[in-house]
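Please read the structure below before turning to the comments.
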Amino acid sequence: MSDGTARPRARDAGVILGTMEPGPLNAITDVPDVRVGHVTLIEGSGPLERGRGPIRTGVTAILPHGGNLFREKVPAGLFVLNGFGKCFGQEQIEEFGAIESPIMMTGTMNVGIVADGVAEYMMRHNPDIAVTTSTANALVTECSDAYLNDMQGRHVRQQHVREAIERAAGGPVEEGTIGAGTGMSLYGFKGGIGTASRRLPDELGGFTVGAMVLGNFGRRDQLMIAGVPVGRALVDWRPPETMRDTGSCIVLLATDAPMLDRTLRRLARRAALGLARTGSLAGNTSGDFIVAFSNAVRLPHDSEELMVTLQHVTEGGHLIDALIQASVEATEEAVINTLFRATTLDGWDDHVRYALPLDLTLDLLRKAGALHETP
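In the numbering used here, the protein residues as written are 1 to 375.
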């Protein structure tokens, strides 16, 4: 059972989170040249046949820019809110402060296959890798889609990785039950992919911070929307079989503000506050990884210069505070967009994750005075 009915994003339904203005698309692709691509795998139904199905998984690719990422790396910072997860390539980012590959999201047991696919893709476009130049570092992040998906089948294949990367484009981003988010659960409802952005005013440079979330965490009673304890009011609505506070969450932050790894780590840490605004506790076995990158700075792979001069935002005053606020607000709204856009999906052995009931949710927000409705 899959409900493919189009559902509004949070802001379109009158849920205004934070005080900063979003970018034109309210998406991570508001950061110029950032691209997103998905491959969704849904096949079969009924009892679990280990290694065969039902299949409810996928892969998502995020490209910091449209050029050759190995040749033109981007500065990056990474924050581990809770380390119960598998973030392939984490160590090199922490050591060198840069990303040199497409950023991938997928289900937990697919990580190795996706890393293989990225390696093949990068070597195809850079045949000197591991021959006359260095090896390449793939970045693969994950959440568990085990409740709906036959994870032992490891159904994502290298061709799916290549397809996701080659499909990556700017413009509006598909959200909800899509790509890596296909089999995910969020606050006891259907989870998945969500995105949002914030644009700084012109007097602060007009920079953009975009967030993308792979949401797969939280108990229903923990869910907060615009400060309203929506989850507590919906605890008895089609209750899930388990009420867990574990799971995982991946947050990607992109910006066109010129920043290097140390300052990007500061943004990444603040994104955890955006998760907290929605009710996240980063539970004991929740793998919560946050990656931030700037595509305003390009780090050449094979430069022979002994020194480099780069622009960097001023860390005193209003600009850095605005970037921090943008990271918090965009992350919060990306989580809520995940819930608003995700659609009901069944899995193996009659497992079902129901989409957040928008009519009941909006009514609760309306009664709490937290809904902005156009007359």
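All C-beta atoms, glycine included, are put in the ideal place defined by N, C-alpha and C.
When DSSP states are grouped into helix, strand and coil, Met-104 belongs to the strand group. Contact between the stretch 311-324 and the stretch 124-139 is absent: fewer than three C-beta pairs spanning the two stretches fall below 8 angstroms. Contact check between the stretch 335-346 and the stretch 188-202: three or more CB pairs, one atom from each, fall below 8 angstroms, which counts as touching. Contact check for Pro-64 against Gly-97 fails: the beta carbons are separated by 8 angstroms or more. It is roughly 36 angstroms from the alpha-carbon of Ser-280 to the alpha-carbon of Gly-67. Within the stretch 117-167, the complete alpha helix (DSSP H) segments at least 4 residues long are 158-167, listed from N- to C-terminus.
For Asp-288, the enclosing beta strand (DSSP E) stretches over residues 286-294. Look at Gly-51 here: in three-state DSSP terms it is coil, with no helix or strand label. Nearest to Glu-142 by C-alpha distance, out of Ser-294, Thr-278, Gly-89 and Glu-304, is Gly-89. With a cut-off of 8 angstroms on Cβ pairs, the stretch 34-43 is not in contact with the stretch 220-234, counting fewer than three such pairs.
Taking all protein chains in view, the Cβ of Asn-295 is crowded by 16 or more other Cβ atoms within 10 Å, so the residue is classified as buried. Under the 10 Å beta carbon count, Asn-82 is surrounded by 16 or more other beta carbons and is classified as buried. For Ala-76, the pairing in a beta bridge is given by DSSP as Phe-293. Comparing C-alpha distances from Arg-35 to each of Ala-115, Lys-86 and Ala-164 shows the shortest one belongs to Ala-164.
By the criterion of at least three beta-carbon pairs nearer than 8 angstroms, the stretch 323-339 is in contact with the stretch 211-218.
With distances taken between CA atoms, His-301 lies nearest to Glu-72 out of Val-235, Leu-362 and Glu-72. Take the alpha-carbon of Met-151 and the one of Glu-304: they are about 45 angstroms apart. When the alpha-carbon of Ile-28 is set against those of Arg-198, Asp-349, Ile-225 and Thr-278, the nearest one is in Arg-198. The straight-line gap separating the alpha-carbon atoms of Arg-11 and Ala-282 is approximately 25 angstroms. Look at Phe-207 here: in three-state DSSP terms it is coil, with no helix or strand label.
Annotation: His-155 to Ile-178 spans about 15 angstroms, alpha carbon to alpha carbon. Around the Cβ of Ser-248, a 10 Å sphere holds 16 or more other Cβ atoms; the residue is buried.
Ala-330 has its alpha-carbon roughly 12 angstroms from the corresponding atom of Thr-278. Within the same chain, and ignoring the five residues on either side of Tyr-354 in sequence, the residues whose Cβ sits closer than 7 angstroms to its Cβ are Phe-189, Lys-190, Arg-238 and Thr-344.
Of the other Cβ atoms in all chains shown, 16 or more fall within 10 Å of the Cβ of Pro-102; this residue is therefore buried.
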